[in-house]
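In my numbering, the protein residues as written are 12 to 85.
Read through the structure below, which is laid out as structure tokens, and then see the notes.
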Amino acid sequence: MNLGLAIFLIILAALLGAVAGFYGARSYMKNYFKKNPPITREMVETMMSQMGQKPSAKKVNQVMNMIKHQSAKN
Numbered sequence: 012m013n014l015g016l017a018i019f020l021i022i023l024a025a026l027l028g029a030v031a032g033f034y035g036a037r038s039y040m041k042n043y044f045k046k047n048p049p050i051t052r053e054m055v056e057t058m059m060s061q062m063g064q065k066p067s068a069k070k071v072n073q074v075m076n077m078i079k080h081q082s083a084k085n
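Structural data, given as structure tokens:
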């Protein structure tokens, strides 16, 4: 087998693997976020009202900032 052909096939296989991996990971993340959506303001307000707290805008903003700060640490 020609050495140039072997190198070409290796490069082609690596490129095809990278493209397939990208689209596979993209599809996985779309499905993950569909099943597990990130926390929204409405969710925080609902949780606070279920716990017996009155969800004021200030409290909701504090909770959202805490969540954002925690996710930035990790």
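Using N, Cα and C, we set each Cβ at its ideal position, and we do this for glycine too.
Reduced DSSP secondary structure (H/G/I, E/B, other) of residue 65: Residue 65 sits at position 54 when you count from the first residue of the sequence shown. In the three-state reduction of the DSSP assignment, residue 65 falls in the coil class, being assigned neither a helical nor a strand state.
Residue range of the unbroken alpha helix (DSSP H) whose run includes residue 42: For this step, residue 42 is matched to residue 31 along the sequence shown. Where residue 42 is concerned, the enclosing alpha helix (DSSP H) stretches over 14-46.
Should residue 58 and residue 70 be called a contact, given that it needs their Cβ atoms to be closer than 8 angstroms? For this step, residue 58 is matched to residue 47 along the sequence shown. For this step, residue 70 is matched to residue 59 along the sequence shown. The answer is no: Cβ separation not under 8 angstroms.
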